[in-house]
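Protein chains in written order, with the numbering used here: chain A, 1120 to 1522; chain B, 1120 to 1522; chain C, 1120 to 1522; chain D, 1120 to 1522.
This report refers to the structure that appears directly beneath it.
Protein chains: 4
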Amino acid sequence: MADVNKVVLAYSGGLDTSVILKWLQETYACEVVTFTADLGQGEEVEPARAKARTLGVKEIYIEDLREEFVRDFVFPMFRANAIYEGEYLLGTSIARPLIAKRLVEIANQTGADAVSHGATGKGNDQVRFELGAYALKPGIKVIAPWREWDLTSRERLLAYAEQHAIPIERHGKKSPYSMDANLLHISYEGGILEDPWAEAEESMWRWSVAPEQAPDQPVYIELSFAQGDVVALDGEAMSPATVLATLNKIGGAHGIGRLDIVENRYVGMKSRGCYETPGGTILLKAHRAIESITLDREAAHLKDELMPRYASLIYNGYWWSPERRMLQSMIDASQAPVNGVVRLKLYKGNVSVVGRKSDDSLFDASIATFEDDAGAYDQKDAAGFIKLNALRMRIAAARGRSA
Amino acid sequence: MADVNKVVLAYSGGLDTSVILKWLQETYACEVVTFTADLGQGEEVEPARAKARTLGVKEIYIEDLREEFVRDFVFPMFRANAIYEGEYLLGTSIARPLIAKRLVEIANQTGADAVSHGATGKGNDQVRFELGAYALKPGIKVIAPWREWDLTSRERLLAYAEQHAIPIERHGKKSPYSMDANLLHISYEGGILEDPWAEAEESMWRWSVAPEQAPDQPVYIELSFAQGDVVALDGEAMSPATVLATLNKIGGAHGIGRLDIVENRYVGMKSRGCYETPGGTILLKAHRAIESITLDREAAHLKDELMPRYASLIYNGYWWSPERRMLQSMIDASQAPVNGVVRLKLYKGNVSVVGRKSDDSLFDASIATFEDDAGAYDQKDAAGFIKLNALRMRIAAARGRSA
Amino acid sequence: MADVNKVVLAYSGGLDTSVILKWLQETYACEVVTFTADLGQGEEVEPARAKARTLGVKEIYIEDLREEFVRDFVFPMFRANAIYEGEYLLGTSIARPLIAKRLVEIANQTGADAVSHGATGKGNDQVRFELGAYALKPGIKVIAPWREWDLTSRERLLAYAEQHAIPIERHGKKSPYSMDANLLHISYEGGILEDPWAEAEESMWRWSVAPEQAPDQPVYIELSFAQGDVVALDGEAMSPATVLATLNKIGGAHGIGRLDIVENRYVGMKSRGCYETPGGTILLKAHRAIESITLDREAAHLKDELMPRYASLIYNGYWWSPERRMLQSMIDASQAPVNGVVRLKLYKGNVSVVGRKSDDSLFDASIATFEDDAGAYDQKDAAGFIKLNALRMRIAAARGRSA
Amino acid sequence: MADVNKVVLAYSGGLDTSVILKWLQETYACEVVTFTADLGQGEEVEPARAKARTLGVKEIYIEDLREEFVRDFVFPMFRANAIYEGEYLLGTSIARPLIAKRLVEIANQTGADAVSHGATGKGNDQVRFELGAYALKPGIKVIAPWREWDLTSRERLLAYAEQHAIPIERHGKKSPYSMDANLLHISYEGGILEDPWAEAEESMWRWSVAPEQAPDQPVYIELSFAQGDVVALDGEAMSPATVLATLNKIGGAHGIGRLDIVENRYVGMKSRGCYETPGGTILLKAHRAIESITLDREAAHLKDELMPRYASLIYNGYWWSPERRMLQSMIDASQAPVNGVVRLKLYKGNVSVVGRKSDDSLFDASIATFEDDAGAYDQKDAAGFIKLNALRMRIAAARGRSA
């Protein structure tokens, strides 16, 4: 067992990380620093302070990181139109690098030599936390209790809690799902979802109404972009976190952003997950729409071809890697002209783009028109264009190559 | 002007291609063979026979290509989950290579030395027709009247038609949109769509009801896949064309598959297009879902990374190119295990996957479970996995590289 | 410690794997089956039989796999023009999947429940052996003694050998380098090479003369290709292994194929390696040359863009993965027309292509000529080709986008 | 024929562009401005002044662009390790964007409304000149005489020259090859090279001795890099153009940098080209070597995977495109740590890396060593690393998927 003096724990204030807190103190005979962040998960973070104190913690960090989260993590990712495996908007993945960064920074401030987290040994989050920590502080020790301890069943965990006088909240039934939430999304795993043929229960979803329950009238909104990021909603300037929170509220009310998928974890297994990402779903659609009129074709295609790789990097926990930053340089270099307004219709689960305009638009109606274009485009050029693009295939066909 | 003896014309029977027919006869003093195909566009093709006869055509080809179209073009493309620019399902693009192939085959049968089509000099379709024709018959002459003639306005075209006694159908108002349809989709361009800020009028859409008008009750369907292709709907075996036609009907009734985008044409301009692809929208969602449980992670990611390139090849008219066929080999090589059933919920514009099952499933609940896995997975392995994946970043950080 | 009944050991007959053999018997109290393969490493394999017998082995497999190795592993890889990190011809990497396959097959035949190898815990070879074994027999146990035992220094290893009466050959000095050889190459690591600034000693190299010592006269050879593979040398038909062995001899005599690089291992560290790949160096150059006249441009470019990924897969040990096989399908689909003859000049370390010809050549002198081409190519087509390719950039520039 | 007032001509001072000069004056009745650049082609540029004056040119631009050429075009390209089709170092391609830029700038300065060049309608250079011109000045007219005039044979050209008193230099025999040269390379096309089976004559090569004629003693050099660019040779600081010129001299003297290939032109045909790139060949090898110890693995692999696309962009003339600049942003973002010294041995055509060192080295001998590493690396981590990387393949194999 490694020699540890002080460990910074990513602490939610809930039962599991409270047990971890105590277990760290006992097992490593070390001091524990707690770090609790408000990333928009929708639960109060301040109560974690009293709980940590009760457990004997002296250094307690409780922080509101919502703006930093959206500005420096969510928005850069949306510039890439990142989607993992064609569906998943990376809501959990994108929060981990920020937590890893703060864990390391607090370790530096408090002189801690280790960090710890409550992610299991089967999931992606352990990888995301730890790759981040190692990339930012190579000598750091990482303690992942779920990979080490013998509290491998719910019963044992509860028994440990009782033994150590850790309060177990018994108000209401415990959710059968493993959940994670932040300003970008809420996720559900486990329970009946472990059967991929079983439909998710309506009662599971927390952030959005069912499309069936959404209003019968659509709502139209306008999103303004500057350099690829949303800066205003319906003409009103908003901070990154505010705009995302607002879109979550509107989107959720209209039944937008539910997703039910089987995804491939980095550790090698498939897993079923359900997600609600109301604001992100709107944001992605809108960003693509503003790019559609402002971005050069080949710039857009280059982004599209590299997007799956960029998304995998984030999913797999490589936010702090040099290759993610290289790709980000390339993506950001494309976003200067991505300015303008997108108009969207939200209705019972649907997000439809109905208009887009920009002072940086490359859409040229005088060229694209079916009407007379006054010579803006010479149709005869197309003959040569096609002829030369066909030349290699014509030569091959003339040599008898079957097409 | 090239010397032409006989030309095969892609003939719809409508006004424009009737004018082209006459213009070819006059301009090139050549015989015209007409080719009219039923690709599921929803209009009768047989009336083209009488029209062609009236215009003096002796060799008339009228063919039902619906099964070949879906089986050999649409389905292979959907194995790739192909989407152009993140949105467009390539409905027009995928029909052109089949028409090009038949034009060339008929030219070979009839001894024609040229082919002709009614696509304009500004669009993608001219490229798709002609690249196909050149790839399949390198010495073929291609006549693209819209790039050659001086009938550059509607007025001149109508005048020419009247002069040459070509019947102009005047029942109802002419649509303000340029449209194209086949079993996969119907498309709209032109008119008010030339302003990308203007919302499409509800009256424009032809294949689907508005989500607002769709039934208040969802419908659930099950699609069965064999080697990546749909083979049955709700347990009933169906031919490729039948399944797509049926999905169009169901999807359209539920307001599914409308799309409004600005896309980048291969000839260099941006253009606004609206599309209805009810069946294709369902098909894409279902195919991804069945792949999600049957396809290896890296196989799926490789497909995802190459998909944009594959989609561009089809969009740009390179179906008959060696590189498209190479990619198809790779894609098809992955589809043997893509078998099973996907359950979907259709409701007012939404297609939601609610279940998927397969005898070839790689989803292993005994490993993925949050419950005790009886040793199927050793969580301690994750520590080494992360440590070695982090090693290069740790070395860099230890050298002072800022992450 | 896992319960093991019988283990198949990749056995070279040398000291290290003899110690492993004994250690396995002692540590696991299990039966050991030895497998020794001739992959063209240039050492007799038959002596391994007596050594294994002395150590009490009853089931001894000694096999000549040279033809299978070149035909089914080396040649498919060369169809891809695979090079890792711009330089390395993957000589060690490509042999491992074949050994993994035979280990598993022998385990199946002999009823063994484990396999074992002599690769260390720092290198790539452990990964290659084990990924192969797991992919081919998921329940197999893998024993990697270097990761388990405490014989972590040369001294301890020798002491163990003496204790257990394992003969230590003392003829000549032990090489300071860690070496690996097969028909494709010989490699050197360790010793002074661990300083990347130190030049390799001339005495290290074993397969090739220094360019300075090579003949003063060049030699010309002709290689004939069929479907991407070499089938004849100077017009004489040769089996895969024979052609590679012959090219090694000729190439080595002319000082061809030495390489000195720092490469990135899959386990996360950089390492210095020196390689001699005489035949492979010639083969790669020749294959590119025959492709240059027989392969379509875009087919070639697609191969080039995916090559680094394909090479990484082989380097990292993923030969038996679905994604490698998908890429191989794509590559092989391109090789049908890769037929013809390449003429090369070999001189003091240089391999120069001086001629290439093929019945499947796409080189068309009548089009490419600087002389009059009799109308085979209409130069005016180029104007339209350029105009439309420039259109998107012209529109952007007209909007004030700085290029 | 377009209405042209003043045209800027890329003027070499040779016969062909002198004929073009006169032909432009005659055909377009316009003023001609000449632009002659020293890009290191090895011919005096000053004599072009008198010739242009004789032909009545009033505005004559003669410029030494060597430093700008190497600093802003060659060096950025080498940061990418760009090679087209596995072999070609892009010597001609990389000079064209600079010429296009100066043509446009001079057009702006002199109020010209057109530019002109002497590239033929079959080659890549017309595309490179014109895409650059259009991207930088969208309304510019481009005149490509070789695509327009009827001087389609050498005889007609000479006759035109005589008619118009254009001096034809008859000293020595005209080379049978079409050549292009600048500081990066000299190229040869045409003549007997149009037969790809014919070996290039020794007399053709101008910049390098044959390896057979090179010194019998090798020479060692050291190249120092800063942020990916060479800044010193053997410890002596040098400007970009000086270092390249010096490497050309040394490399040429040692028979380095000859290349004989069949390449795929952007306009659709294959063509045979021979190239001498002595300095560039050394530079590429050295840059890869310094990257090998200073660049992160995944950063290097990302560069390698995108390199073919980057190289094609330059080959095809898209230097001034947004996608080339996006890729450049990504590449340049990786080069900050690419600092250090590479030691190379040059001998009769061979460039061998024999050492590399850097303060930014990521090579860590204490980890990579075959000797005892004092715990820097825990070999047991490899077991978990392999197990999880194998997991997806094990699950598939357990389901009966054949590997």
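Just so it is clear, CB atoms sit at the ideal spot from N, CA and C, and this is done for glycine as well.
Exercise for the section: Would you mind telling me which residues of chain B sit closer than 7 Å to Ala-1515/C, beta carbon to beta carbon, in chain order? Expected result: Numbered from 1 along the third sequence, position 396 holds the residue referred to as residue 1515/C. The premise fails here: Ala-1515/C is roughly 11 Å from chain B at the closest Cβ pair, so nothing lies under 7 Å.
Exercise for the section: Could you tell me which of Phe-1197/C, His-1283/C and Thr-1155/C sits nearest to Lys-1220/C, measuring between CA atoms? Expected result: Position 101 of the third sequence, counting from 1, holds the residue named residue 1220/C. Minimum Cα-Cα distance from Lys-1220/C among the listed residues Phe-1197/C, His-1283/C and Thr-1155/C corresponds to Thr-1155/C.
Problem - For Leu-1277/B: DSSP bridge partner residues - result: Looking up residue 1277/B in the second sequence gives position 158. Per DSSP, none; premise fails for Leu-1277/B.
Problem - Of the residues Glu-1163/D, Arg-1247/D and Gly-1175/D, the one placed nearest Leu-1143/D, counting alpha carbons only - result: Within the fourth sequence, numbered from 1, the residue matching residue 1143/D stands at position 24. Cα-wise, what sits closest to Leu-1143/D is Gly-1175/D.
Problem - Collapsed DSSP secondary structure at Tyr-1307/B in the structure displayed - result: Position 188 of the second sequence holds residue 1307/B. Three-state result, Tyr-1307/B: strand.
Handout entry: Local conformation of Phe-1154/A per DSSP, three classes
Key = In the first sequence, counting from the first residue as 1, residue 1154/A sits at position 35. The answer is strand: DSSP assigns Phe-1154/A an E or B state.
Exercise for the section: Determine which residues of the stretch 1458-1476 of chain D have a Cβ less than 9 Å from any Cβ of chain C, and write them out in chain order. Expected result: Taking 9 Å as the upper bound on Cβ-Cβ separation, chain C lies near residues Val-1460, Arg-1462, Lys-1464, Tyr-1466, Lys-1467, Gly-1468, Asn-1469, Ser-1471, Val-1472, Val-1473, Gly-1474, Arg-1475 and Lys-1476 of the stretch 1458-1476 of chain D.
Problem - Close Cβ partners of Val-1338/D (< 8 Å) along its chain, the five nearest in sequence each way excluded - result: Working through the fourth sequence from its first residue, we reach residue 1338/D at position 219. Within the same chain, and ignoring the five residues on either side of Val-1338/D in sequence, the residues whose Cβ sits closer than 8 Å to its Cβ are Ile-1369, His-1373, Lys-1464, Leu-1465 and Tyr-1466.
Exercise for the section: Taking only the alpha-carbon atoms, compute the straight-line gap between Val-1152/A and Ile-1225/A and give it to the nearest angstrom. Expected result: In the first sequence, residue 1152/A corresponds to position 33, counting from 1. In the first sequence, residue 1225/A corresponds to position 106, counting from 1. Whole-angstrom Cα-Cα distance: 9 Å.
Handout entry: chain C contact for Pro-1381/D (CB, 8 Å cutoff)
Key = Position 262 of the fourth sequence, counted from the start, is the residue given in the question as residue 1381/D. The sequence shown places Val at residue 1381/D, rather than the Pro named in the question. Residue-level contact check: Val-1381/D touches chain C, since one or more beta carbons of chain C fall below 8 Å from its beta carbon.
Handout entry: DSSP-derived helix/strand/coil call for Val-1189/C
Key = Within the third sequence, the letter at position 70 stands for residue 1189/C. Helix.
Exercise for the section: Find the residues of chain B that neighbour Asp-1415/C, judging by a C-beta separation of less than 8 Å, and give them in chain order. Expected result: Position 296 of the third sequence, counted from the start, is the residue given in the question as residue 1415/C. Going along chain B in sequence order, the residues near Asp-1415/C (Cβ under 8 Å) are Ser-1440, Pro-1441 and Glu-1442.
Practice task
Assess, as a yes-or-no matter, whether the stretch 1377-1386 of chain B is touched by the stretch 1206-1217 of chain B under the definition of 3 or more beta carbon pairs within less than 8 Å.
Solution key: With the cut-off at 8 Å, the stretch 1206-1217 of chain B and the stretch 1377-1386 of chain B touch.
Exercise for the section: Under 8 Å Cβ to Cβ from Ser-1480/B, same chain only, skipping five residues before and after it: list those, please. Expected result: One-based indexing of the second sequence puts residue 1480/B at position 361. Once the five neighbours on either side are set aside, the close Cβ partners of Ser-1480/B are Ile-1412, Thr-1413 and Gly-1459.
Problem - Residues that Val-1338/A bridges to, as DSSP identifies them - result: One-based indexing of the first sequence puts residue 1338/A at position 219. Leu-1465/A.
Problem - Enclosing alpha helix (DSSP H) for Val-1223/A [first to last residue] - result: Position 104 of the first sequence holds residue 1223/A. Val-1223/A -> alpha helix (DSSP H) spans 1215-1229.
Practice task
Below 9 Å between beta carbons is the criterion; list the residues of the stretch 1481-1509 of chain B that meet it against any residue of chain A, in chain order.
Solution key: Along the stretch 1481-1509 of chain B, the positions whose C-beta sits under 9 Å from a C-beta of chain A are Leu-1481, Phe-1482, Asp-1483, Ala-1484, Ile-1486, Ala-1487, Thr-1488, Phe-1489, Glu-1490, Asp-1491, Asp-1492, Tyr-1496, Asp-1497, Gln-1498, Lys-1499, Asp-1500, Ala-1501, Ala-1502, Phe-1504, Ile-1505, Lys-1506, Asn-1508 and Ala-1509, read in chain order.
Handout entry: Extent of the continuous alpha helix (DSSP H) to which Met-1357/C belongs
Key = Looking up residue 1357/C in the third sequence gives position 238. Where Met-1357/C is concerned, there is no enclosing alpha helix (DSSP H), because DSSP gives it neither an H nor an E.
Exercise for the section: Anything in chain D within Cβ reach of Leu-1421/A, meaning under 7 Å, just list it in chain order. Expected result: Here residue 1421/A refers to the residue found at position 302 of the first sequence. Ordered by position in chain D, the residues that pass the 7 Å Cβ test against Leu-1421/A are Glu-1442 and Met-1445.
Problem - Nearest residue (CA-CA) to Glu-1267/B, options Gly-1237/B, Asn-1301/B and Tyr-1429/B - result: Counted from its first residue, the second sequence places residue 1267/B at position 148. Taking only the C-alpha atoms, the option nearest Glu-1267/B is Gly-1237/B.
Problem - contact_flag[the stretch 1513-1521 of chain C, the stretch 1299-1317 of chain D] where n(CB pairs < 8 Å) is 3 or more - result: No: the two stretches stay apart, fewer than three of their Cβ pairs being nearer than 8 Å.
Exercise for the section: May I ask you to list, following chain order, the residues of the stretch 1272-1304 of chain C that have a beta carbon less than 8 Å from some beta carbon of chain D? Expected result: When C-beta distances to chain D are compared with 8 Å, the residues of the stretch 1272-1304 of chain C below that value are Ser-1272 and Ser-1297, in chain order.
Exercise for the section: Using only alpha-carbon positions, find the residue among Thr-1173/D, Val-1246/D, Glu-1182/D and Lys-1141/D that is nearest to Thr-1211/D. Expected result: The residue you call residue 1211/D lines up with position 92 of the fourth sequence. Per the Cα distances, Val-1246/D.
Problem - Per-residue contacts from Val-1386/B into chain C (C-beta, under 9 Å) - result: Here residue 1386/B is taken as the residue at index 267 of the second sequence, counted from 1. Annotation: Cβ neighbours of Val-1386/B in chain C (cutoff 9 Å, chain order): Leu-1507 and Leu-1510.
Exercise for the section: Compare the beta carbon distance of Asn-1367/A and Pro-1397/A with 8 Å and say whether it is the shorter of the two. Expected result: By one-based count along the first sequence, residue 1367/A stands at place 248. By one-based count along the first sequence, residue 1397/A stands at place 278. Against a cut-off of 8 Å, the Cβ pair of Pro-1397/A and Asn-1367/A comes out as a contact.
Exercise for the section: Going by CA-CA distance only, name the one from Met-1512/D, Pro-1295/D, Gly-1387/D and Leu-1342/D that's closest to Gly-1309/D. Expected result: On the fourth sequence, residue 1309/D is found 190 positions in, with the first residue counted as 1. Selection Met-1512/D, Pro-1295/D, Gly-1387/D and Leu-1342/D evaluated against Gly-1309/D yields Pro-1295/D as nearest (Cα-Cα).
Handout entry: Chain-ordered neighbours of Ser-1137/A on chain D, where CB pairs are closer than 9 Å
Key = For the purposes of this step, residue 1137/A is taken as the residue at position 18 of the first sequence. One finds nothing in chain D with a Cβ atom closer than 9 Å to the Cβ of Ser-1137/A; even the nearest lies about 28 Å away.
Exercise for the section: On a CA-only basis, which of Ala-1319/A, Val-1461/A and Ser-1431/A is nearest Phe-1344/A? Give me that one, please. Expected result: As a working mapping, residue 1344/A is identified with position 225 in the first sequence. For Phe-1344/A, the nearest C-alpha among the options comes from Val-1461/A.
Exercise for the section: Report the residues of the stretch 1236-1253 of chain A with a CB closer than 9 Å to any CB of chain D, ordered along the chain. Expected result: Listed in sequence order: no entries.
Problem - Touch test, the stretch 1428-1443 of chain C against the stretch 1426-1436 of chain B, Cβ-Cβ under 8 Å, three pairs minimum - result: Because the criterion of three Cβ pairs below 8 Å is not met, the stretch 1428-1443 of chain C and the stretch 1426-1436 of chain B do not touch.
Exercise for the section: Could you tell me whether any Cβ in chain D is nearer than 8 Å to the Cβ of Met-1449/A? Expected result: Working through the first sequence from its first residue, we reach residue 1449/A at position 330. Yes, because at least one Cβ of chain D sits closer than 8 Å to the Cβ of Met-1449/A.
Problem - Selection from Glu-1178/D, Leu-1255/D and Ile-1179/D that minimises the alpha carbon distance to Pro-1216/D - result: For this step, residue 1216/D is matched to residue 97 along the fourth sequence. Cα-wise, what sits closest to Pro-1216/D is Leu-1255/D.
Problem - Beta-carbon proximity check, Leu-1422/C vs Pro-1315/D, cutoff 8 Å - result: Counting from one through the third sequence, the residue named residue 1422/C turns up at place 303. Counting from one through the fourth sequence, the residue named residue 1315/D turns up at place 196. It should be noted that the sequence gives Lys, not Leu, for residue 1422/C. By the CB criterion at 8 Å, Lys-1422/C and Pro-1315/D fall outside the cutoff.
Problem - Contact residues within the stretch 1185-1212 of chain C, judged by C-beta distance below 8 Å to chain D - result: Answer set for the stretch 1185-1212 of chain C: Asn-1200, Glu-1204, Gly-1205 and Glu-1206.
Exercise for the section: Within 10 angstroms of the Cβ of Arg-1498/C, are there 16 or more other Cβ atoms? Answer buried if so, exposed if not. Expected result: One-based indexing of the third sequence puts residue 1498/C at position 379. Checking the displayed sequence, the identity of residue 1498/C turns out to be Gln instead of Arg. By the neighbour-count rule (16 or more Cβ atoms within 10 Å), Gln-1498/C is buried.
Problem - Closer than 8 Å at the beta carbon, the chain D residues around Ser-1453/A - result: Taking the first residue of the first sequence as position 1, residue 1453/A is located at position 334. Per Cβ cutoff of 8 Å: Pro-1441 and Met-1445.
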